[in-house]
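Notes follow once the structure below has been shown.
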Amino acid sequence: MPTYITTPIYYVNALPHLGHAYTTIVADAYSRFRRLCGDDVRFQTGTDEHGEKIAEAAAKAGESPRDYVDRIAVAFRETWPLLAVEPDTIIRTTDGEHIRTVQAILQQVYDRGDIYFSEYSGLYCKGCERFLTEKELVDGKCPDHLVEPKPITEQNYFFRMSAYQEWLIDHIKANPDFITPERYRNEVLSFLSEPLEDLCISRPTSRLTWGIPLPFDEGFVTYVWFDALINYLSGIGYPDSPDFEKYWPTAEHVIAKDILKPHAIYWPTMLRAMGVAPYERLHVHGYWNVDATKMSKSLGNVVRPRELVETYGVDTVRYFVLREMSFGLDSSFSGEAVLARHNADLANDLGNLFSRSLTMIAKYAAGRVPERDSGSALTPDDRELMSALSAMVIQYRECMDEFRFHKALQAVWEVIGLLNRYIVTNAPWELAKHARQTDRLRTVLYFLAEALWKMTLVLGPIMPATAEKMAAALGMADRFAHAVLDDALEWGTIPAETALGTVGPLFPRLEKKGEAKAAPAEPAKANANTNRGAVADEGLIGFDQFKAVELRVAEVVAAERVAKSERLLKLTVRAPEERTIVAGIAQHYTPETLIGLKVLIVANLKPTKLMGIASHGMVLAAKEQTADGGERLVLATVAGPVAIGSRVA
Ligand code: ME8
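Right, dumping it as structure tokens:
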């Protein structure tokens, strides 16, 4: 199946920011998703380079419009690779082919009698590059640009938009998915309940020369919206190219609410006048604000894609915007919110699951995906996991198709939670201790590998580089390059004996701005020591610093004295994996009294050697000053029954 997906073409009067990045990431994630479904995808973005706004910006910059648009168009083009956005076409409205297409369409519509010459008086907003109706004004001002529109009386050419009003209403009503989410469909229908005015589609050259000349009157250039919307056709070779035949019937446009009217009203009526079928779907999203305030140059809070990627990494940025915004509603951006999602969802949930599972396969199955044990029955846990994975893939597909990206990701993260629980309940480290449980161990490890492969597939459109790393670590890099989503619905797609590759940390933990980044070699395991230097003067630490210390409940399963040491005990604890911790408590506890005790440990300390024994963590104890000037240690423990390995926070 073909799929044609577009972003708006962006005005080159400003440099790319978070809003542009969002729409384009959405379109990219969707096109990757469609490719994963087996579709033949054409993804187009571009720049809108004519009109008053651009001419003014060029003059302000002291450049000719041509030099100016060339410069800014490059800034947009260079942004996309930073965001792992891979469009098939990047169109510019100053391209010769586009200009010829616009002129041919104008001539055609003119010849059909749908363009006429007349005088018009109206209120013009330069920011919007269109006339506003009285009803659209708030306190006499344009609600988007907060300026009073200028009254203009002019002789101009008009497109007979009103002639298509009834047809458009019927079309929207008959096609519930034409404009989504529904709130925007309702907004358009409500607007259409009043009589539609015709659309002024020219500007006299006495006022503006930076535009496409009307083919039937040299004294005028084309109104920028009539020019811009046509990019969606000229980019696929309208009218003669086979690409137009192939892709146009599937066209889907992604925009924000600011340009709903041109896309939901001007564009379908223009298409109708040309005798071209309307696009398939229009997806309208809300606005990103920054720290709950409108993003604007004057407030100095414009978020730039390059800075975002440099601070957080491209896949974190992609994940964050897709997970955080409910498509259709406004959302607020903040650095803290990105950090929180990075550290919790990516470093902790996904990153730990992945490295933990692969470490166990490396340790207990010599780094090869084991054969599932077909001799014994599946446990209820196995069945729950299997059906949760299938349900996740189905829900993911539905949500991605409907542009509910945050829901798709929620579904994936629910299964990540389930997998983490599956590991705790099935405790592979326990199974590994008993020879008669090796069959079960193989099955558990096999299920983990299979589940992670399915995760890799669904995460590909969202975080392409991470998914590639995951595929390589699973030994599935070749398969990944040709994988389809249907693979994720089948069982047994990761072959037994597949040799795992090496896995680095997927998401090293990030510290708050100004604090040191965790060293790349220490994933999700920021050393508590690195935070010492970052303690604020007044002795307070931030929540992120606290969260960097991974405290867990551990059960002591063995304890013995360390030879030649009065102070040290060698403890074997489960949290839930088994590990050795050397603790300086020998003068306060005898080994036997510790067995079965649930203690609290720092689970992410760098390993260290004490008396030649590697210690993986630290046991927490209260230190009391005794009357004789000495110390008494009392181990910290939990007040009630709790699963071992539980995080303490
Ligand atoms: O309107 N939040 O170009 P434009 C989310 N050239 N998205 C935002 C945003 C924000 N705060 N700010 C901008 C134009 N966007 C015309 C389009 S199409 C034929 C012509 C995104 O540079 C969003 O996609 O003003 C919005 O619709 C678009 O940028 C407007 O880009």
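Position one of the sequence shown corresponds to residue -3 (the numbering used here), numbered consecutively onward.
We put the CB at the ideal spot given by N, CA and C, even for glycine.
Taking Cβ to Cβ, would you say residue i is nearer than 8 Å to residue j?
{"i": "LEU448", "j": "SER353", "result": "yes"}
{"i": "VAL638", "j": "LEU593", "result": "no"}
{"i": "LEU565", "j": "ALA555", "result": "yes"}
{"i": "PHE155", "j": "HIS279", "result": "no"}
{"i": "VAL217", "j": "ILE226", "result": "no"}
{"i": "LEU616", "j": "VAL598", "result": "yes"}
{"i": "THR489", "j": "GLU446", "result": "yes"}
{"i": "THR89", "j": "ALA224", "result": "yes"}
{"i": "ASN422", "j": "VAL440", "result": "yes"}
{"i": "ASN9", "j": "ALA53", "result": "yes"}
{"i": "LEU629", "j": "ILE581", "result": "yes"}
{"i": "LEU663", "j": "VAL298", "result": "Past the edges of the chain, shown from -3 to 645, lies residue 663, and the structure says nothing about it."}
{"i": "ASN152", "j": "SER198", "result": "yes"}
{"i": "SER158", "j": "LEU192", "result": "yes"}
Given that a residue counts as buried once 16 or more other Cβ atoms are within 10 Å of its Cβ, and exposed if not, what is residue i?
{"i": "ASN527", "result": "Only weak support exists for where ASN527 lies, its pLDDT of 34 falling under 50; the coordinates are left without a value."}
{"i": "GLU248", "result": "buried"}
{"i": "VAL81", "result": "buried"}
{"i": "ILE168", "result": "buried"}
{"i": "PRO583", "result": "Here residue 583 turns out to be Gln, not Pro, going by the sequence shown. Classification for GLN583: exposed."}
{"i": "ILE175", "result": "buried"}
{"i": "HIS652", "result": "This structure leaves residue 652 out entirely; the chain is present only between -3 and 645."}
{"i": "ASN182", "result": "exposed"}
{"i": "GLY636", "result": "exposed"}
{"i": "GLY296", "result": "exposed"}
{"i": "TRP206", "result": "buried"}
{"i": "LEU142", "result": "exposed"}
{"i": "ASP173", "result": "exposed"}
{"i": "ILE261", "result": "buried"}
{"i": "ASP24", "result": "buried"}
{"i": "MET607", "result": "exposed"}
{"i": "GLN40", "result": "buried"}
Leaving out the 5 sequence neighbours to the left and right, which residues in its chain are closer than 8 Å to residue i when beta-carbon positions are compared?
{"i": "PRO12", "result": "TYR6, ALA71, PHE72, THR75, ARG300, PRO301"}
{"i": "THR246", "result": "MET(-3), PRO(-2), THR(-1), TYR0, GLU276"}
{"i": "THR498", "result": "ALA469"}
{"i": "GLU214", "result": "THR201"}
{"i": "GLU410", "result": "ALA384, MET388"}
{"i": "GLU306", "result": "none"}
{"i": "SER237", "result": "none"}
Helix, strand or coil: which one does DSSP assign to residue i?
{"i": "ARG368", "result": "coil"}
{"i": "TYR153", "result": "strand"}
{"i": "ARG126", "result": "strand"}
{"i": "GLU52", "result": "helix"}
{"i": "THR2", "result": "strand"}
{"i": "CYS138", "result": "coil"}
{"i": "CYS33", "result": "coil"}
{"i": "HIS77", "result": "Contrary to the premise, residue 77 reads as Pro rather than His in this sequence. If DSSP states are grouped into helix, strand and coil, PRO77 belongs with the helices."}
{"i": "VAL552", "result": "strand"}
{"i": "ALA170", "result": "helix"}
{"i": "ASN285", "result": "strand"}
{"i": "ILE357", "result": "helix"}
{"i": "LYS290", "result": "strand"}
{"i": "GLU410", "result": "helix"}
{"i": "THR498", "result": "coil"}
{"i": "HIS46", "result": "coil"}
What does a CB cutoff of less than 7 Å around residue i pick up in its chain, not counting 5 residues either side in sequence?
{"i": "HIS701", "result": "Because the chain here runs from -3 to 645, residue 701 falls outside it and cannot be looked at."}
{"i": "LEU128", "result": "LEU119, CYS121, CYS138, PRO145"}
{"i": "GLY641", "result": "VAL420, ARG548, VAL549, ALA571, PRO572"}
{"i": "ASP326", "result": "GLY282, TYR283, ASN285"}
Just to confirm my understanding: we take residue i, look at its own chain, exclude 5 residues before and 5 after, and list those with CB closer than 6 Å. What are they?
{"i": "LEU427", "result": "GLN433, ARG436, LEU437"}
{"i": "ALA404", "result": "TYR392, CYS395, MET396"}
{"i": "VAL646", "result": "The requested residue 646 is not part of the displayed model; the chain covers only -3 to 645."}
{"i": "GLY34", "result": "VAL480"}
{"i": "ALA579", "result": "LEU565, LEU567, VAL615"}
{"i": "TYR112", "result": "PHE154"}
{"i": "ASP36", "result": "PRO(-2)"}
{"i": "LEU455", "result": "ALA463"}
{"i": "LYS242", "result": "PRO(-2)"}
{"i": "SER330", "result": "ASP287"}
Does the ligand NAD have a heavy atom nearer than 7 Å to the CB of residue i?
{"i": "GLY15", "result": "What this structure holds is the ligand ME8, not the ligand NAD."}
Is the segment 104 to 117 close to the segment 46 to 64, with three or more CB pairs under 8 Å? no
Segment contact flag, the segment 262 to 274 with the segment 155 to 171, C-beta cutoff 8 Å, min 3 pairs: yes
Check whether the segment 493 to 503 touches the segment 358 to 369, counting contact only when three or more Cβ pairs, one atom from each stretch, lie closer than 8 Å. yes
Do three or more CB pairs link the segment 498 to 505 to the segment 339 to 356 at distances below 8 Å? yes
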